[in-house]
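Worksheet: one structure, shown below.
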Amino acid sequence: MASIPQMPYRRPSRQGSRQASIDTRDEIQVRVDHYIGIDVGTGSARACIIDSKGDIVGLASENIGLWQPQQGYYEQSTKDIWRCICVAVQRAVSQHNIDPETVRGIGFDATCSLSVFSNVTDEPISVTGPNFDSDRNVILWLDHRPVKETEKINATNHNLLRYVGGKMSIEMEIPKVLWLKNNMPKELFDQCKFFDLADALTYIATGAEKRSFCSVVCKQGYVPVGVDGTVKGWQEDFLKEIGLEDLSEDNFKRMGGVDGVNGDYLSAGELVGTLCDKAASELGLPPGIAIGSGVIDAYAGWIGTVGAKVDLESEQLSSDVAKNDKTQAFSRLAAVAGTSTCHLAMSPDPVFVPGVWGPYRDTIQPGYWMAEGGQSATGELLKHVIETHPAFNQALSIAESYNANIYEYLNEHLRELAHDQKAPSISYLGRHVFFYGDLWGNRSPIADSGMTGSMIGITSDKSVDGLAIHYYATLEFIALQTRQIVETMNKAGHSISSIFMSGSQCQNDILVKLIASACDMPVLIPRYIHAAVCHGAAMLGAKAASADAEGKTEDLWSIMDRMSKPGKKVVPAADETEKALLEAKYKVFLEQCFKQQEYRALVDQAVASWKS
């Protein structure tokens, strides 16, 4: 890792992306430069290979391990993750007959999970208490163990909290670091150095301990130098107040140091270094390939979607629209929807939004600001609602008989129900069911980790029909909460007028239509529905490979403009009654949201003497 000797950087050929060579039969073969995007999600590692035009020419995945030692604790291992990355890359290369010598750049994205290594041996350090003796050194973003630590952090009301939506989320990394300090033996904690997962992967690939702005600014409480008069980025008084003053030692070396002093912080895709011998051997690639600064997976979704050329007057995304300058990104919200959903928007100036993380400067484009709203559970919520219903096994059996997944089957079942009942729309079927689904707390826009779920309209129906209605109500909740987030962002100063969606939920046509209708704006679906995030990561590799002798790289928006692909547009429902129904459901949704907080406060006041 850090001790691995580095190969000199191999600049890409100046002959362009295509090189001609002649084989033994005097036939001309065309060799195309390739770039690899590696996406590490909650459940799998994927490798995506694109060519110089941005077309995907190879794709493979491998499931990664996830351990849950107790309720609310989620852990992974960088050794296991790296092994899965190697399998996925080798599979993508071999199955699609890619010449490894044509790979010019690699980009990583990963979940915003905390990775821990030793500052003595460079080896992983266990995060599994109470003995800290497992090979798991990653606390997953989904992990909710640091409840008390998060409360302590937010009680400071420190100025830096302005840059995380007013409150630091339990999903962020500083609360997890504080939990480790509170639970680890001191001598072990004193050996720890900390990385966001994407930075940990570039560390393994290159041996370079460089950090991305995307990780430290978004999840670790770093405010870029110059913002609000900051000098070192890390807030020494804040770390002291919460009990992490030891991380300030040696100019914050264990967190990555001070930019330009003993650390190096990079925007998305900037050149970190080159692929070292050991990592190259494990990946089955030649050493010396350019490695770009990584990003959190949701940000790769932004990169992979919002650069598509769009004609909003037509039904299709078009590759022929001439104007596609960076300013168009300011009105485009990227909704990256998988286990959870992240909502990302770029702005030229800082916009402070209550309950929305950010504004974050320099994460994607130097000098520009990103805001990040989100829903803690969307795909996971759908899975939970379906699998806990009494009719789940019956529905799953029927779906399998049709060679369909459970979501495809339930969507079709809803259409059949609407037809059989002569309902004017699917939404009419669920008109008297009101579901509020913050089962894992609320990330945005009210930033309340104590939020839970509720349902009005429960019946005794245990049939597949009843399951389908509960499923629809969950889709409706996801769409209505998306509207709540968008409205909150726009009221604060954003100018969002379209949603660029990526992730597994793009495949759900009922959900996508609901989001378009609830938000009253078009939803744009990328060509590579299954791989938009990977595609974005591969563009980071292309940016790194563009580095000149001084390390200066091509502008990321220019790469996105060139490599993004057209897809399709989903427009809001046109029926006025359906619009009125969704408007009424939104009013109920808001009441369910804020009444829950009111009820909790009422009861907490009643039992206050017990707590004391």
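Residue numbers for the sequence shown follow the UniProt record's numbering, so the first one is 1 and each next one is one higher. In this text, a Cβ means the ideal position worked out from N, Cα and C, and glycines have one as well.
Nearest-angstrom Cβ-Cβ length linking residue i and residue j, presumed shorter than 8 Å
i, j, result
"I36", "V89", "6 Å"
"T305", "A334", "5 Å"
"F213", "S267", "6 Å"
"T474", "G503", "Going by Cβ atoms, the distance from T474 to G503 rounds to 16 Å, so no, they are not a contact pair."
"A580", "G292", "Contact flag wrong, Cβ pair sits at about 48 Å."
"P286", "P526", "Actually they are not in contact, since the Cβ atoms of P286 and P526 sit about 31 Å apart, beyond 8 Å."
"A468", "L381", "Contact flag wrong, Cβ pair sits at about 16 Å."
"A479", "A518", "4 Å"
Residue environment, residue i, which counts as buried when at least 16 other CB atoms sit within 10 Å
i, result
"E123", "exposed"
"E173", "buried"
"E598", "exposed"
"V177", "buried"
"P445", "buried"
"Y402", "exposed"
"residue 613", "In the structure as shown, the chain starts at 1 and stops at 612, and residue 613 therefore has no counterpart that could be examined."
"S61", "buried"
"K585", "buried"
"L602", "exposed"
"A572", "The residue you asked about is not Ala; residue 572 is Pro in the sequence shown. Result: buried."
"S397", "exposed"
"F594", "exposed"
"S169", "buried"
"V120", "exposed"
"A532", "buried"
"S460", "exposed"
"R104", "buried"
"D362", "buried"
"V607", "exposed"
"S281", "exposed"
"K462", "exposed"
"residue 615", "One cannot answer for residue 615 here, as it falls past the ends of the chain, which runs 1 to 612."
"A155", "exposed"
"A198", "buried"
"T388", "exposed"
"V310", "buried"
"T327", "exposed"
"V261", "exposed"
Bridge partners - residue i, DSSP secondary structure assignment
i, result
"G207", "DSSP lists no partner for G207."
"residue 664", "The requested residue 664 is not part of the displayed model; the chain covers only 1 to 612."
"Y222", "Y222 is not bridged to any residue."
"E372", "L344 and W357"
"K611", "None, per the DSSP bridge assignment."
"M501", "A335"
"A377", "In the DSSP output, where bridge partners are listed per residue, A377 has none listed."
"K462", "For K462, which the question treats as bridged, DSSP gives no partner whatsoever."
"R46", "D39 and S61"
"G292", "G107 and L271"
"I196", "A quick correction: the sequence has Asp, not Ile, at residue 196. According to DSSP, D196 bridges with L114."
"F435", "M455"
"residue 637", "Because the chain spans 1 through 612 in this model, residue 637 falls outside it and cannot be assessed."
"residue 625", "For the chain, the structure presents residues 1 to 612; residue 625 sits outside this window and is missing."
"L266", "S212"
"V164", "G358"
DSSP-derived helix/strand/coil call for residue i
i, result
"A88", "helix"
"K148", "helix"
"Y599", "helix"
"L511", "helix"
"R254", "helix"
"M455", "strand"
"D604", "helix"
"H158", "coil"
"K569", "strand"
"C276", "coil"
"S212", "strand"
"A537", "helix"
"H389", "coil"
"S444", "coil"
"F477", "helix"
"D246", "helix"
"D561", "helix"
"L178", "helix"
"V310", "strand"
"G367", "coil"
"D26", "Note on D26: pLDDT 43, under 50, position unreliable in the model; no value is reported."
Just list the beta strand (DSSP E) runs in the segment 398-433, keeping only unbroken ones of 3 residues or longer that don't cross its boundaries, in chain order. none
With a floor of 3 residues, list each beta strand (DSSP E) that falls wholly inside the segment 57-141, ordered by position along the chain. 103-110 and 114-118
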